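Colleague: Quick note: the sequence shown uses our numbering, first residue 30, plus one each step.
Backbone N, C-alpha and C define an ideal beta-carbon position, used for all residues, glycine too.
Just so you know, these numbers come straight off a predicted model, no measurement behind them.
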Amino acid sequence: MEVASTVAEMRAIRRAFTGDVGFVPTLGYLHDGHFSLVRAAKEQNEHTVASIFVNPTQFNSPDDFERYPRDDEGDLAQLRGQGVDAVFMPSAGEMYSYDPLTSVDVGEITERLEGEHRPGHFRGVATVVAKLLNVVQPTRAYFGRKDAQQLVVIRRMVRDLHMGVEIVAMTTIREADGLAMSSRNARLSAAEREAALVLSKALRLAAQRWQGGERSGARIRDELQALISGEQRARVDYVSVADTETLEELDSIEGEVLVSLAVHIGEVRLIDNITLPSQMKELL
Ligand code: PAF
């Protein structure tokens, strides 16, 4: 497995690839959710590249950035074991080597949900993903559905800017008890880990209500909010029942709907979501 720490090194590795290239961008501290993306990339492409880069511009506070868990050596060993061909692992200095003037702003879909609570977050994400795609030049890039809004934003950026890459969305990987896998879970105490189950319980309740014929966005939001409020360690940022593309809140549900949550458990902010009805079985 080759490891590139500069843009020039990564470009040289890329030039030597002859077939399709699958790309898995990550913030590191890898878990089974990332490995499911790597496996799909390996199955669908001749070459697989992963990146590990804790992108400072997408964090809302220096504290959150500093506390983001890191394990570069462990991550590299895992990626080697998974049969990845190359890893792009630049420093912040390499990615933002001078004061860049250009950023990617994907408009109003970045201001809702996560964007409302994390101003500037999606400018950081879209800009770094555009830069990574430009460097790696993949045929396909793989993203998890747990970051549902990120996926919507990246798909839109790729479409708007005619980027020649296929975006592949992969199912959220969950622990046996329903907790969505996330690098942030490592920061939960045992009691908080238990409390964090309230997110998947709330999404399961939404799926049950949808299955029972409920089509009022407001009633589903209220029920989920009430359930989460019953958990002492939880503090809700938002409970949303929204259109899957515009991310606008829905009063009345007709087609597919994205039910998403952001909840603080102690000092750790967690997100989770389900698209109904297509992903109903994942939680029922
Ligand atoms: O989802 C992530 O891990 C990050 O937001 C990404 C896509 C690697 C960009 O930094």
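Please confirm if the stretch 112-125 is in contact with the stretch 71-79, defined as three or more CB-CB distances below 8 Å between the two stretches.
Modeller: yes
Colleague: Note the first and the last residue of the continuous alpha helix (DSSP H) segment covering Ser245.
Modeller: Taking the sequence shown and counting its residues from 1, the one referred to as residue 245 is at position 216. Note, Ser245: premise wrong, no alpha helix (DSSP H); not H, not E.
Colleague: Report all residues from its chain with a CB closer than 6 Å to the CB of Ala70; omit the five preceding and five following residues, and keep chain order.
Modeller: Walking along the sequence shown from the start, residue 70 turns up at place 41. The residues are Gly51, Val53, Thr77, Tyr171.
Colleague: Return helix, strand or coil for Ser132, following the three-state DSSP convention.
Modeller: As a first step, residue 132 is located in the sequence shown; it is residue number 103 there, counting from the start. Coil, per DSSP.
Colleague: Less than 7 Å between the CB of Val154 and some heavy atom of the ligand PAF, yes or no?
Modeller: Taking the first residue of the sequence shown as 1, we reach residue 154 at position 125. Within the chosen limit of 7 Å, the ligand PAF reaches the beta carbon of Val154 through at least one heavy atom.
Colleague: Reducing DSSP to helix, strand and coil, say where Gly110 ends up.
Modeller: Position 81 of the sequence shown, counted from the first residue, corresponds to residue 110. Gly110: helix per DSSP, three-state reduction.
Colleague: Enumerate, from N- to C-terminal direction, the unbroken alpha helix (DSSP H) stretches of 4 or more residues contained entirely within the stretch 153-178.
Modeller: Those alpha helix (DSSP H) runs which fall completely within the stretch 153-178 and span 4+ residues do not exist here.
Colleague: What is the DSSP secondary structure of His76, counted as helix, strand or coil?
Modeller: Locating residue 76 in the sequence shown gives position 47, where the first residue counts as 1. His76: strand per DSSP, three-state reduction.
Colleague: Val270 and Gly241 - do their beta-carbons sit closer together than 8 Å?
Modeller: For the purposes of this step, residue 241 is taken as the residue at position 212 of the sequence shown. For the purposes of this step, residue 270 is taken as the residue at position 241 of the sequence shown. At a Cβ-Cβ threshold of 8 Å, Gly241 and Val270 do not count as neighbours.
Colleague: Flag this pair as yes or no: are the beta carbons of Tyr267 and Leu180 separated by less than 8 Å?
Modeller: In the sequence shown, counting from the first residue as 1, residue 267 sits at position 238. In the sequence shown, counting from the first residue as 1, residue 180 sits at position 151. Taking 8 Å as the Cβ cut-off, Tyr267 and Leu180 do not qualify as a contacting pair.
Colleague: Inspect the beta-carbon positions of Val286 and Leu279 and report whether they are closer than 8 Å.
Modeller: Position 257 of the sequence shown holds residue 286. Position 250 of the sequence shown holds residue 279. In this structure, Leu279 lies closer than 8 Å to Val286 by Cβ.
Colleague: Look up Asp272 in the DSSP assignment and give the residues it is bridged to.
Modeller: Against the sequence shown, residue 272 aligns to sequence position 243. Val286.
Colleague: From what residue to what residue does the beta strand (DSSP E) around Val194 run?
Modeller: Within the sequence shown, residue 194 is the residue found at index 165, counting from 1. Element bounds for Val194: n/a, residue is neither H nor E.
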